[in-house]
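Enquirer: Protein chains in written order, with the working numbering: chain D, 207 to 548; chain S, 9 to 390.
C-beta: ideal position from N, C-alpha, C; glycine also.
#1: For residue 326/S, decide whether its Cβ has a neighbour in chain D, counting only Cβ atoms nearer than 8 Å.
#2: Within 10 angstroms of the Cβ of residue 526/D, are there 16 or more other Cβ atoms? Answer buried if so, exposed if not.
#3: Where does the unbroken beta strand (DSSP E) through residue 495/D begin, and where does it stop?
#4: Quick one: what's residue 273/D bridged to in DSSP?
#5: I'd like the span of the alpha helix (DSSP H) that includes residue 7/S, first residue to last.
#6: With 7 Å as the limit, tell me which residues of the segment 343–366 of chain D have their beta carbon closer than that to any beta carbon of chain S; keep them in chain order.
#7: Quick one, which of 160/S, 222/S and 171/S has its alpha-carbon nearest residue 197/S's?
#8: Just curious, the beta strand (DSSP E) that residue 80/S is in, first and last residue?
#9: Is residue 371/S close to chain D? Criterion is C-beta to C-beta, closer than 8 Å.
#10: Find the nearest neighbour of residue 313/D within the set 476/D, 484/D, 407/D and 442/D, judged by alpha-carbon distance.
#11: In the segment 52–72 of chain S, which residues sit with their C-beta less than 7 Å from some C-beta in chain D, listed in chain order?
#12: In chain order, what are the residue ranges of uninterrupted beta strand (DSSP E) at least 3 long that sit wholly in the segment 230–287 of chain D?
#13: Interface residues of chain S around residue 294/D at Cβ under 9 Å?
#14: When you compare the CB positions of residue 318/S and residue 226/S, do they come within less than 8 Å of one another, or not?
#15: Which residues in the same chain have their Cβ closer than 6 Å to the Cβ of residue 235/S, if we skip the five residues on either side of it in sequence?
#16: Would you kindly report the start and end of the unbroken alpha helix (DSSP H) that includes residue 441/D?
#17: Is it true that the segment 480–497 of chain D meets the segment 227–243 of chain D, where meeting means three or more beta-carbon pairs spaced less than 8 Å apart?
#18: Could you give the DSSP three-state label for residue 233/S: helix, strand or coil?
#19: Applying the criterion that 16 or more other CB atoms from any shown protein chain within 10 Å of the CB defines a buried residue, is residue 140/S buried or exposed?
#20: In the structure shown, what three-state DSSP assignment does residue 188/S receive?
#21: Quick one: using the 10 Å Cβ neighbour count with 16 as the cut-off for buried, is residue 489/D buried or exposed?
#22: Would residue 417/D count as contacting chain S if we go by Cβ distances under 8 Å?
#23: Does the Cβ of residue 136/S have 16 or more other Cβ atoms within 10 Å, making it buried, or fewer, making it exposed?
#24: Determine the DSSP secondary structure at residue 526/D, reduced to helix, strand or coil.
#25: For residue 189/S and residue 61/S, what's the separation of their Cα atoms in angstroms?
#26: Specify whether the segment 304–311 of chain D and the segment 422–441 of chain D touch according to this definition: at least 3 beta carbon pairs, one from each stretch, less than 8 Å apart.
#27: Between residue 238/S and residue 321/S, what straight-line distance do the alpha-carbon atoms span, to the nearest angstrom?
#28: For residue 152/S, tell me which candidate among 179/S, 184/S and 126/S has the shortest Cα-Cα distance.
#29: So residue 319/S is in the beta strand (DSSP E); what residue range does that whole segment cover?
#30: Does DSSP put residue 330/D in a helix, in a strand, or in coil?
#31: Just to confirm, is the Cβ distance from residue 128/S to residue 110/S under 8 Å?
#32: Helix, strand or coil, according to DSSP, for residue 320/D in the structure here?
#33: So, residue 332/S versus residue 288/S, is the Cβ gap smaller than 8 Å?
#34: Within 10 angstroms of its Cβ, does residue 9/S collect 16 or more other Cβ (buried), or is it exposed?
#35: Compute the distance between the beta-carbons of residue 208/S and residue 167/S, then report whether it is under 8 Å.
#36: Output needed for residue 555/D: all residues of its chain with C-beta closer than 6 Å, excluding positions within five of it in sequence on either side, in chain order.
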């Protein structure tokens, strides 16, 4: 078997995109996929695996799997991940592997935006947008389609602006009405788009970047980093160059792959939990129900593969999550407790 | 008369005990749940803070069980909670609920006025001696509850099977709620202590569990940090992530300073906080803003790994504290994270932040360790 044929798989399932990265043991990226989640994470994960399978040889071996993103738990269950990590850690790990000097990461994704401050290659502070989604990828998507332009054209058009208009960016609803107003006053499209970029950047720095010590080198990653208009607005506002890394749109997945490598590599002899490249062909099903066991009324989700239960989660007390694992041990302990309690 | 009261974490056990020892009929509302919050949110102004919404939900659910009198503590100063008793009375009246609301506070500073209200609740049959005795017992129970809670904080990261630890906590609470003797209270605390020890001893031989967990101090607005439903269960969640938590305020500590005016200090007295806060915030800002800053400084000095501040959206005293905390973070080089909760708070968002925060605290340690072992290996090889 060729050494080249071994990979670490990183999967990042977010609200808007599902990304997959195949990392070679020498830390180079063999394959990177950027797929739209379209609200169907399970199918997209399966499609992604099928796609990857068609791109690598039959003898290929997956040595470890890392999952991240808002659907990391789901992805981990489907794939049999060796490590499940939050997006913040994944992004930080990827960036500091690409450039160990990085001190700030600006990340704008589909429905969340975050800032990560690193010092000496370790996260020292972070923040995520809280109650507001103004200034995330979805908003730009929406506005682009409202203006009848493709999201890919958004950035280049914004760069053509001569006099960017000032748009109220505090709230996406008001930003939209302000934009309509500016259009009706007769401002050119590039000026409005550039204004929107500036408003978004101001909003990001005021909300997410508040009280953060933004030092260079600065990485800008996440889907929105594809937009040169936003990059330019960041550079103007921060007065520093912004670096968009090569795999900016799949950095979360890349980080997950690195984490899998770390985990599997740290313990020699550890075998991956990966469920195999043929899982694209099996049938997954998700069911959910309200547990009526107590007042919390947790929404419990159950994932089944070909009729067999894989995992359950969503319950606070662990009644459903634990089910199926060491049942006898639990009931034994319960009895003991009851005896003592009597 | 059937008395009810708003939920705040384990406070129900103490309040129920107090009224039961005075033979006053008491209705414990169903525990805070999504339903409670939905009911309360419908009646509340949107900009009111989370505690008001939950309180109203509690009253509506208690009304179904026949409650007709509400008892709530009041307060003075810039925190809105001080006038929630009155606000709630009017909201309930407008919504068609015929509740009597008794706010436990000295009206216009008159202690005689407070005594009159207590007398109204306790009825004529109870002597003042009996009332004081009931209060003392309820207070003892509250100290015991806090002690149990703290034991559980320590047990969560150290014992495997989080479910078993939560079960132990639940049954300890049930026992404390039922017992009406001082001995019963003490026995329960000892039982929890012994059970945890037993389970830990079983572990040492198996080399399971964590011996030196990360320590995080939880500070912030009292209602949200005492009530696991409001804080989206962050203490339990952190415990599962292998963190030992401590909290700035425990119920009896608050009762000790707020109601007994410091005569009884309670568990983890809050008295020292203003002194610790002084270099950063020299005066009262309402609510527990000052205590939040003071506790943060205290935890930092005691060598905690991190601090998490929790408060309900739009809580003014905590916003003041939050703007002071970056200075504490800088001075003591301790990472501080702020979580704001309201009825729109999603569990996933909190989960991601907690995990990332624990990684932030843990990774430097892990990296250092892996470098050390690598060096060790190299040393042997060379």
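Expert: The relevant details are as follows:
#1: no
#2: buried
#3: 490–496
#4: 217/D and 290/D
#5: The structure shown does not extend to residue 7/S, since chain S is modelled only from 9 through 390, so no value can be given for it.
#6: none
#7: 160/S
#8: 77–81
#9: yes
#10: 407/D
#11: none
#12: 235–242 and 267–274
#13: 360, 361, 363, 364, 365, 367 and 368
#14: yes
#15: 16 and 17
#16: 434–444
#17: no
#18: helix
#19: exposed
#20: coil
#21: exposed
#22: yes
#23: exposed
#24: coil
#25: 35 Å
#26: yes
#27: 11 Å
#28: 184/S
#29: 314–320
#30: strand
#31: yes
#32: strand
#33: yes
#34: exposed
#35: yes
#36: One cannot answer for residue 555/D here, as it falls past the ends of chain D, which runs 207 to 548.
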